[in-house]
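Remarks on the structure that follows.
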Amino acid sequence: MGSVIVGTGIAVPPHRVTNADLSAIMDTSDDWIRRRTGVGSRHVAEPGIGPSDLGAAALQAALADAGIEPGEVDLLVTATMTPDQFAPGIGAVVQAKAGLGPVAAFDLRQQCSGFLYGLDLADAMLRSGRARTAAVVGAEVHSGYMPFGTGFDVLRGLRAEPTEADRAAATASRAWSVLFGDGAGAAVLRAGDPATDALSPAERTGVVASRLFSDGTEFELIQVRGLGFRHQPYVDAEQLAAGLHLPEMNGAELFRRASIAMPAAVRAVLDDVGLSIADLDLVVCHQANERIVDVVRSSLGIDAEVAPTNIERYGNTTAATVAILFHELRLSGRVPSGALVCFVAFGAGSHWGALLYRQP
Ligand code: UT7
-2 MGSVIVGTGI AVPPHRVTNA DLSAIMDTSD DWIRRRTGVG SRHVAEPGIG PSDLGAAALQ
58 AALADAGIEP GEVDLLVTAT MTPDQFAPGI GAVVQAKAGL GPVAAFDLRQ QCSGFLYGLD
118 LADAMLRSGR ARTAAVVGAE VHSGYMPFGT GFDVLRGLRA EPTEADRAAA TASRAWSVLF
178 GDGAGAAVLR AGDPATDALS PAERTGVVAS RLFSDGTEFE LIQVRGLGFR HQPYVDAEQL
238 AAGLHLPEMN GAELFRRASI AMPAAVRAVL DDVGLSIADL DLVVCHQANE RIVDVVRSSL
298 GIDAEVAPTN IERYGNTTAA TVAILFHELR LSGRVPSGAL VCFVAFGAGS HWGALLYRQP
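Take a look at the structure:
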């Protein structure tokens, strides 16, 4: 009785920032960003808009798509690495903003794998009968990380150039700041038909199987070291001066790990149920870098038809990437009845995994 995705929705802030726009505030170029990452533009939230706003909007769109009233949802799972504020998490805030009842609302911190972990958790709760209608939301506002200063005024058309100091700070961040974008995606799930349990994995619908992994020995690959409680006080001027509130990323090593771990996770989950790569109609891959998806494709022997990308328009929206991509594929008719979809992600923690889903 694998859980069935009955609705999806997305929300992205209206302001689109192109690579050319970024070139005006730091030393970078459209050519470098496109060639090295595949990103063409990303959406940037206005100050005051948090992931709970985007997440609630995406969830409301998914509920409308499913034709389900907010009051029918009895489980909410949210995932973000950029919460509205340090504590509490966005789970309850999304619950309130989307008009859900006082239901259980989880906060996941699995970064790029957050939506994948959320799908797995929602499926387990639905299968066990602990919930009847579950919503999973991945939402990020990465713009708060960006050390652009007056560069933001340039992006918003309020001044012609950033200060020299802000240009230098933005340039120092370019290896990671050009990658990320703001946005949210949501899915609404319902328990599948128990009669389908008797079917073979090749015939089962809804969530067919899932494999999740974590390896904390590599947590330093991408991290934000500051603002943590091993430090007393947990935030101080020294940390800010040292830039410990900003992401630090070992890009080359992350690239290597993601390129190996994602294809391995796809093979593992297929092996678990005796299916093969040839059975897959779609691979909905985390959108961190077009070149990583290229490696996943060649490792699995699949093409861009099977493993499409939308990173060109959104950049890396972390917990939202696979939700936004799956929504767009559904809307464009790429998930017909019977289609076997594999969601796969890798991100900070490290957390990664793959989940097989067959559209009823
Ligand atoms: O979801 C998890 C989050 N992150 C990831 O998965 C990231 C995985 N890693 C990557 O995507 C890639 O490693 C990056 C896109 C981050 C970097 O690409 P790369 O091809 O590994 O470039 P690099 O860091 O080796 O830098 C090459 C050159 C350097 O210049 P020099 O030292 O060769 O003169 C950089 O300073 O490119 C320079 N560079 C840039 N130039 C223009 C780095 N960022 C930029 C930029 N614009 N934005």
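Using the numbering used here, count along the sequence shown one by one with no gaps and you end on 357.
All C-beta atoms, glycine included, are put in the ideal place defined by N, C-alpha and C.
For clarity, every value in this text was computed on a predicted model and none was experimentally measured.
Just to confirm the assignment, what range does the alpha helix (DSSP H) spanning residue i have?
| i | result |
| --- | --- |
| SER359 | In this structure the chain extends from -2 to 357, so residue 359 is not present and cannot be described. |
| GLY248 | 248 to 269 |
| LEU237 | 234 to 238 |
Over what stretch of residues does the beta strand (DSSP E) that includes residue i continue unbroken?
| i | result |
| --- | --- |
| SER174 | Counting along the chain, SER174 falls outside any beta strand (DSSP E), though it belongs to the alpha helix (DSSP H) covering 171 to 174. |
| GLY86 | GLY86 -> no beta strand (DSSP E), and no H or E assigned at all. |
| LEU322 | Note, LEU322: premise wrong, no beta strand (DSSP E); alpha helix (DSSP H) at 318 to 328. |
| TYR354 | 348 to 355 |
| VAL204 | 203 to 211 |
| ALA102 | 101 to 105 |
| VAL74 | 72 to 76 |
Mapping the DSSP letters down to three states, classify residue i as helix, strand or coil.
| i | result |
| --- | --- |
| TYR311 | helix |
| ILE46 | coil |
| SER0 | coil |
| ALA304 | coil |
| GLN284 | coil |
| GLY178 | coil |
| PHE226 | coil |
| GLU161 | helix |
| LEU218 | helix |
| GLY335 | coil |
| THR168 | helix |
| ALA275 | helix |
Here's the rule I'm using: 16 or more other beta-carbon atoms within 10 Å means buried, otherwise exposed. How should residue i be labelled?
| i | result |
| --- | --- |
| PHE149 | buried |
| ASP212 | exposed |
| ASP194 | exposed |
| ALA165 | exposed |
| GLY68 | exposed |
| SER110 | buried |
| ALA162 | exposed |
| ASP117 | buried |
| SER347 | buried |
| SER207 | buried |
| ASP50 | buried |
| ARG187 | buried |
By Cβ distance, which residues of its chain are closer than 7 Å to residue i, with the 5 residues on each side in sequence left out?
| i | result |
| --- | --- |
| LEU19 | THR25, VAL175 |
| VAL232 | GLY223, LEU224 |
| THR214 | none |
| LEU358 | Only positions -2 to 357 of the chain appear in the structure, and residue 358 is not among them; the question remains open. |
| LEU209 | TYR114, ASP117, GLY350 |
What residues in its chain sit with their C-beta under 6 Å from that of residue i, if we drop five residues either side in the sequence?
| i | result |
| --- | --- |
| ALA167 | ILE22, MET23, PHE145, GLY148 |
| ASP27 | ASN16, ALA17 |
| ALA54 | ALA8 |
| THR160 | THR147 |
Would residue i count as contacting chain D if we go by Cβ distances under 8 Å?
| i | result |
| --- | --- |
| GLY(-1) | In the structure shown, chain D does not exist; there is a single protein chain. |
Leaving out five residues on either side along the sequence, give the residues of the same chain with a beta carbon under 8 Å from the beta carbon of residue i.
| i | result |
| --- | --- |
| LEU279 | VAL303, ALA304, PRO305, LEU326, ARG331, VAL332, ALA336, LEU337, VAL338, CYS339 |
### Query
What runs of the beta strand (DSSP E), each 3 residues or longer, lie entirely inside the stretch 109 to 158?
Unbroken beta strand (DSSP E) runs of no fewer than 3 residues, entirely contained in the stretch 109 to 158, are found at 130 to 137, following chain order.
### Query
What are the complete beta strand (DSSP E) segments, minimum 3 residues, inside the stretch 4 to 68?
Counting only unbroken stretches of 3 or more residues, the beta strand (DSSP E) elements lying wholly within the stretch 4 to 68 are 13 to 15, 38 to 40, in sequence order.
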